[in-house]
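The structure under discussion appears below in the form of C-alpha cells.
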Amino acid sequence: MRSIVSRVFQGVLVCAVAAGTLVASPQQPAPARTAISTAVAGPIDRGLRSEIPRRSAGTIDTGRRGPYLPDRVLVRFRDGRSRSLRAFARAGVQVTSIDRPAYADYDVVRLAPGVNPEEAAARLSDTRGVEYAQADYREYANFVPNDPFYKEQWNLPAINLERGWDVQPGASSSVIVAILDTGLAFENIVFRMTAGEFTQNGVSYPALGEIDVAFAPAPDIVTPDRIVAPHDFIWDDADPVDMDGHGTHVTGTLGELTNNNQGAAGVAFNVKLMPVKVISSDWDDIFNSPNVGSDDVVARGIRYAADNGANVINMSFGRNGPPAPVVESAMRYAVGKGAFLAVAGGNDFQNGNPTEVVAQLAGSIDGAVAVAAVGSDLQRAPYSGTASYMEIAAPGGNFDLGGGPGGVLQQTLDLDLVDTFQLDPADYHAPRFDAFAYFFFEGTSMATPHVSGVAALLYQQGITNPAAIEAALKRFARDLGPPGRDDQYGAGLVDARATLRGLGLAK
Amino acid sequence: MKTPLAAALSAILLSVAAMPATAQTSAPRTQPPVQHPLPRPKPKPKLSNKLAVRAEGLVGIERFTASETFKGIFDSPKGAIFGGGVDVVKGHWFVRGDVTHFGKTGQRAFDLNGQVFRLGIPLKVSITPVYGAAGFRGLVGAKWVAYAGGGVGSWSYSESGDDPADALSLRKTGYLGLGGVEWRVHPVVGIGFEAQYAAVPNAFDGGLAADLGEKDMGGATAAVRVIVGRW
Numbered sequence: 000m001r002s003i004v005s006r007v008f009q010g011v012l013v014c015a016v017a018a019g020t021l022v023a024s025p026q027q028p029a030p031a032r033t034a035i036s037t038a039v040a041g042p043i044d045r046g047l048r049s050e051i052p053r054r055s056a057g058t059i060d061t062g063r064r065g066p067y068l069p070d071r072v073l074v075r076f077r078d079g080r081s082r083s084l085r086a087f088a089r090a091g092v093q094v095t096s097i098d099r100p101a102y103a104d105y106d107v108v109r110l111a112p113g114v115n116p117e118e119a120a121a122r123l124s125d126t127r128g129v130e131y132a133q134a135d136y137r138e139y140a141n142f143v144p145n146d147p148f149y150k151e152q153w154n155l156p157a158i159n160l161e162r163g164w165d166v167q168p169g170a171s172s173s174v175i176v177a178i179l180d181t182g183l184a185f186e187n188i189v190f191r192m193t194a195g196e197f198t199q200n201g202v203s204y205p206a207l208g209e210i211d212v213a214f215a216p217a218p219d220i221v222t223p224d225r226i227v228a229p230h231d232f233i234w235d236d237a238d239p240v241d242m243d244g245h246g247t248h249v250t251g252t253l254g255e256l257t258n259n260n261q262g263a264a265g266v267a268f269n270v271k272l273m274p275v276k277v278i279s280s281d282w283d284d285i286f287n288s289p290n291v292g293s294d295d296v297v298a299r300g301i302r303y304a305a306d307n308g309a310n311v312i313n314m315s316f317g318r319n320g321p322p323a324p325v326v327e328s329a330m331r332y333a334v335g336k337g338a339f340l341a342v343a344g345g346n347d348f349q350n351g352n353p354t355e356v357v358a359q360l361a362g363s364i365d366g367a368v369a370v371a372a373v374g375s376d377l378q379r380a381p382y383s384g385t386a387s388y389m390e391i392a393a394p395g396g397n398f399d400l401g402g403g404p405g406g407v408l409q410q411t412l413d414l415d416l417v418d419t420f421q422l423d424p425a426d427y428h429a430p431r432f433d434a435f436a437y438f439f440f441e442g443t444s445m446a447t448p449h450v451s452g453v454a455a456l457l458y459q460q461g462i463t464n465p466a467a468i469e470a471a472l473k474r475f476a477r478d479l480g481p482p483g484r485d486d487q488y489g490a491g492l493v494d495a496r497a498t499l500r501g502l503g504l505a506k
Numbered sequence: 000m001k002t003p004l005a006a007a008l009s010a011i012l013l014s015v016a017a018m019p020a021t022a023q024t025s026a027p028r029t030q031p032p033v034q035h036p037l038p039r040p041k042p043k044p045k046l047s048n049k050l051a052v053r054a055e056g057l058v059g060i061e062r063f064t065a066s067e068t069f070k071g072i073f074d075s076p077k078g079a080i081f082g083g084g085v086d087v088v089k090g091h092w093f094v095r096g097d098v099t100h101f102g103k104t105g106q107r108a109f110d111l112n113g114q115v116f117r118l119g120i121p122l123k124v125s126i127t128p129v130y131g132a133a134g135f136r137g138l139v140g141a142k143w144v145a146y147a148g149g150g151v152g153s154w155s156y157s158e159s160g161d162d163p164a165d166a167l168s169l170r171k172t173g174y175l176g177l178g179g180v181e182w183r184v185h186p187v188v189g190i191g192f193e194a195q196y197a198a199v200p201n202a203f204d205g206g207l208a209a210d211l212g213e214k215d216m217g218g219a220t221a222a223v224r225v226i227v228g229r230w
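Chains as they are written, first to last, in numbering that gives the first Met the number 0: chain R, 0 to 506; chain S, 0 to 230.
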C-alpha cells in the first residue's frame with residue numbers, strides 16, 4: 000500500500016521517501032506522547048503576517064463596470080495633431096471636448112451624451128487622416144502575488160489562477176477546507192515521545208528512547224485564527240502535527256499565505272484550514288503511534304471533516320488493492336453533507352498503472368473528483384496514472400523537466416531535520432519539526448490541492464453543491480490530449496478563471 | 000314621414016280641439032300640430048381611406064423562447080420591453096416600423112443537467128429588435144379596430160460584464176407575427192393591446208444558451224401601445 004502519493008525533490012538530491020522501508024521494532028513501548036510545552040523557541044523566526052484584505056466578488060455596480068468608459072474615445076491622427084470639434088462633427092461624431100493628456104500621443108475625445116464609443120470609434124477609424132480610434136477599454140489587474148518565490152511557481156499561472164484571483168481573490172474565512180493527510184505544522188508544542196529501534200533495508204537503527212520533539216506552525220501557512228477543528232486519527236487527539244512534511248506541503252499549495260512578501264503563494268489563501276491526520280509517516284511509526292493510515296482511519300477522518308463543517312476535503316493519498324466500501328460510504332456521506340472531495344489519481348503509472356481505489360471511488364461519485372498530474376510542459380507527468388476514472392488534471396510537477404524547478408514549490412518542514420533516518424545509523428538523531436524550508440515536490444498529491452483550492456474559490460462564489468462544483472471544474476477545464484475526455488487528463492487541466500466566471504448568456 | 004299612429008293621434012287631438020268647450024270660459028283657439036323630430040341616422044363608422052401617419056410608443060412584457068437560459072441568468076424568463084415607432088394606415092391596411100429594447104443585468108452562470116447555478120458575476124444583456132410589419136385591420140365597433148400582421152426585422156444583441164473579453168455583440172434576422180386591438184379614446188389618440196410572437200432562429204451558439212440547447216432569441220410579447228394620429 001502506498002499511503003502517500005508524492006515525491007520529493009530537495010536541491011539536487013531526490014530524497015526517495017520510500018514508505019514502508021522502515022520496520023519498527025515490535026518491542027517498542029506502549030504508544031504514548033505527552034505534550035510538555037506549548038512554547039517553542041524554534042530556530043525559524045519569520046514572523047506571522049496579517050491576513051490579506053478581503054475583497055468581494057465584484058457584484059457592486061457603480062455604473063463604471065462596463066467594458067469601456069462610456070463617454071470617450073481615444074483618437075490619433077496621422078499627423079499627430081489635434082483636430083477641432085468641427086472636424087469631428089464632419090465625421091459624424093458629436094463630441095464635447097478634446098484633450099491631449101500628459102504622456103499621450105493621442106487625443107481623449109469626450110463624446111456627446113448618447114453617443115456609443117464603439118460606434119464612434121468605428122466611424123472615426125474610417126475617416127481620412129485618422130491613424131486609429133478606439134473606445135477607452137478598461138484595464139484590470141492581473142493579480143500577481145508579491146511572494147518572492149512566486150516566480151518559481153509555474154503551477155499557479157498554469158491553471159490560469161492569476162486571472163482567476165481577479166474574479167475571486169483567495170476565497171474567505173467562511174470557507175473551510177479539510178486536509179486529510181499526514182497532518183500540518185500548525186502549532187507550537189513539544190511532545191515527549193519514545194522512539195524505538197527499527198530496521199531499514201536490513202540495517203538496524205537504535206532506539207532513541209524518550210525524547211522531547213519540538214513542533215512549530217508553518218509561518219507561511221498558519222495564522223492564529225486560521226485552523227479549525229484539528230484532529231489526529233493516528234494519535235487520537237486534537238494535535239494533528241505533521242511529522243513528514245507531505246501534509247504541510249499539500250496544505251501550502253491549497254492555502255499558503257499569499258501576497259505577504261514572503262515565501263510562496265497558495266490557491267485559496269484566505270480559507271480556514273482543518274488539518275485531519277489520517278496518514279501515518281515514518282516518524283509516527285518510529286514513535287509507535289496507536290493507529291496507522293488505513294481505510295478505517297481514512298473513513299473516520301472523512302466523516303469527521305464533513306461533520307465539522309468542511310466545505311472541501313483534500314485527499315492527497317490513495318491505495319491499491321480490493322475495493323474499500325468503508326471509504327466509499329464515508330465519501331458519499333461527506334458529499335451528502337455538502338463537501339466536495341478532491342482525490343489524488345495515483346503515481347504508479349510506471350509501476351504497472353494499478354487501480355487507485357480511492358481515486359476510482361471519486362470517479363464514481365458526483366461531487367468527488369480524481370486528479371491526474373501534469374508537468375510544467377502541461378503534459379501528463381510520467382508517474383501520473385491513467386484510468387477511466389481520471390476526471391481532471393492539475394500541476395503535479397515533473398522532475399524530468401529541469402530537476403527541482405519542474406516540481407511544485409511550497410513551504411514545508413525542513414526535511415534535512417526531519418528525515419534523519421535517512422542518515423547512517425551512527426548519525427541518526429532526533430528529528431525537529433519546527434524548522435521550515437521551501438521544497439519542490441512532485442506527485443498527484445501536489446496536483447490535488449490545486450483542484451481543492453479552485454473548488455474553494457468556487458464555493459466562495461456561491462456554488463455549494465458538490466456535484467455542481469465537479470461539473471463546473473470539468474466543464475471549464477482546458478482540454479488536453481485527445482479531444483474530449485480521456486484517461487490521461489480526464490476533462491483536462493483545471494482552469495481557475497474559466498471555472499469561476501462560468502458562462503454568459505450567449506458567450 | 001308621419002306614421003299612421005302619429006297621424007291618428009294628430010287627428011284625435013285636432014278633433015278634440017275643435018269640440019265646443021262647454022266648460023271653457025275663454026275664447027276658443029286652435030292649437031298648432033305637435034311636431035316630433037325625426038331621428039337622424041348615424042353615419043356608419045368606417046376607416047379612413049386617407050393615408051395617415053401615426054406615432055406610437057409601446058411597453059410590454061416578453062417571455063423569451065430561450066426561457067431556461069433567461070431564467071438562469073436573470074431568475075425569470077420574462078422581461079420588460081419598451082419602444083416605439085411609426086404606423087402608416089390607409090383603409091384596412093397598415094404598415095409599421097418599430098424599435099424596441101430589452102435590457103437587464105443578471106449573473107454569469109453554468110448548468111448541471113439543466114439546473115443553472117449563478118456565480119454572482121454581473122452580466123448585462125440588451126436586445127434591440129428593429130422590425131417592419133404590415134397587415135390588415137378592420138373595425139369591430141365604433142371605437143375598436145382589430146388588426147393582425149407579420150413582419151421581419153433585425154435583432155441586435157449584446158452582452159457585457161466587467162471583463163471586456165467577455166463582451167459579445169451580434170445581429171440576427173428574425174420574423175414576427177402580431178395582432179391586437181386599438182381603442183380610440185380621442186379623435187387622434189388610441190390605446191392598443193397587442194400580442195406578438197417573434198422567432199430569431201439560431202441566434203445563440205454559445206454560452207449558457209448553447210449549453211441548454213436554446214438558440215432562439217425571440218419570444219412572445221404582450222404590449223400596450225399608445226397611438227397618436229388619425230385613424
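Beta carbons: idealized from backbone N, C-alpha and C, even for Gly.
In whole angstroms, what separates the C-alpha of residue i from that of residue j?
i, j, result
"S/Gly205", "S/Ala219", "22 Å"
"R/Ala120", "S/Ala164", "18 Å"
"S/Lys41", "S/Gly90", "20 Å"
"R/Ile59", "R/Leu253", "Reliability fails at R/Ile59, whose pLDDT of 33 lies under 50, so the model's placement of it is uncertain and no value is given."
"R/Asn313", "S/Leu177", "58 Å"
"S/Ala20", "S/Gln30", "Per-residue confidence for S/Ala20 stands at a pLDDT of 41, beneath the threshold of 50, marking its modelled position as unreliable; no derived number is given."
"R/Asp180", "R/Ala304", "12 Å"
"R/Val368", "R/Ile175", "18 Å"
"R/Gln359", "S/Pro200", "43 Å"
"R/Asp135", "R/Asp78", "21 Å"
"R/Val417", "R/Leu183", "14 Å"
"R/Ala380", "R/Ala476", "17 Å"
"R/His449", "R/Val94", "50 Å"
Give me the chain R residues within the contact set of residue i, using Cβ-Cβ distance strictly less than 9 Å, ordered along the chain.
i, result
"S/Val124", "Gly503, Leu504 and Ala505"
"S/Thr68", "Leu504 and Ala505"
"S/Ile226", "Near S/Ile226 there are no residues of chain R at all, since even the closest Cβ is about 26 Å away, more than 9 Å."
"S/Leu177", "None at all; the shortest Cβ gap to chain R is about 25 Å."
I need the DSSP call for residue i, collapsed to helix, strand or coil.
i, result
"R/Ile188", "strand"
"R/Gln349", "helix"
"R/Met573", "This structure leaves residue 573 of chain R out entirely; chain R is present only between 0 and 506."
"R/Lys150", "helix"
"R/Ala170", "coil"
"S/Tyr231", "The structure shown has nothing for residue 231 of chain S, since chain S only spans 0 to 230."
"S/Arg136", "strand"
"S/Val223", "strand"
"R/Arg48", "For R/Arg48, the predicted model reports a pLDDT of 23, less than 50, meaning its position is unreliable; a value from the coordinates is still stated below. Note: R/Arg48 maps to coil in three-state DSSP."
"R/Arg162", "helix"
"R/Pro274", "strand"
Please compile the residues from chain S whose C-beta is within a distance smaller than 9 Å of the C-beta of residue i.
i, result
"R/Arg474", "Phe109, Asp110, Leu111 and Asp210"
Going along chain S, which residues have a C-beta under 8 Å from residue i?
i, result
"R/Val166", "Ile120"
Quick check on residue i: buried or exposed, where buried means 16 or more other Cβ atoms within 10 Å of its Cβ?
i, result
"S/Val144", "buried"
"R/Gly62", "Residue placement at R/Gly62 cannot be trusted, given a pLDDT of 45 that sits under 50; what the coordinates show is reported in the next sentence. With fewer than 16 other Cβ atoms within 10 Å, it is exposed."
"S/Leu207", "buried"
"S/Gly217", "buried"
"R/Leu502", "buried"
"S/Gly137", "exposed"
"S/Ala141", "exposed"
"R/Ile35", "exposed"
"S/Glu61", "buried"
For a contact meaning CB atoms closer than 7 Å, what does residue i contact in chain S?
i, result
"R/Gln460", "Leu118 and Gly119"
"R/Ala361", "Within 7 Å Cβ-Cβ: nothing; R/Ala361 doesn't reach chain S, min ~17 Å."
"R/Arg484", "Simply none; closest approach about 16 Å."
Would you list the residues sitting across from residue i in a DSSP beta bridge?
i, result
"R/Arg109", "R/Arg71 and R/Ser96"
"S/Glu181", "S/Val144 and S/Gly191"
"R/Gln133", "R/Leu73"
With hydrogens ignored, establish whether the beta-carbon of residue i is closer than 7 Å to any heavy atom of the ligand NAD.
i, result
"S/Trp92", "This structure simply doesn't include the ligand NAD, nor any ligand for that matter."
Run through chain R and tell me which residues come within less than 7 Å of residue i, C-beta to C-beta.
i, result
"S/Gly205", "Ala505 and Lys506"
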